[in-house]
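Just so we're aligned: 51 in the working numbering is position 50 of the sequence shown, and the numbers increase by one with no gaps anywhere.
Note that the Cβ used here is the ideal one computed from N, Cα and C, for glycine as well.
Below: one structure, written as structure tokens.
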Amino acid sequence: MPQSESNQGESLKRDLVFDVRFLEDLTFWVETNRKTALRLLSLIEEIRRNPFEGTGKPERLK
């Protein structure tokens, strides 16, 4: 059975790991331009849910 069929209804758990510099940058954007900060958080959430589809047409690493 293909994996997509066997996992229907199941959410895959993904651990997110951020570099300290990212968190510093995010803090900067929250303080200076909340719209940009919200966009960054939206992109991160999209990647967490489905890392191989969506905005930016992500590809697997080779």
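- At the C-beta level, residue 45 and residue 59 stay beyond 9 Å of one another.
- For residue 47, the enclosing alpha helix (DSSP H) stretches over residues 35-50.
- Taking residue 41 as the centre and dropping the five residues before and after it, the same chain places the C-beta of 27 and 30 closer than 7 Å to its C-beta, in chain order.
- Residue 20 sits in coil when the DSSP states are folded into three classes, being neither helix nor strand.
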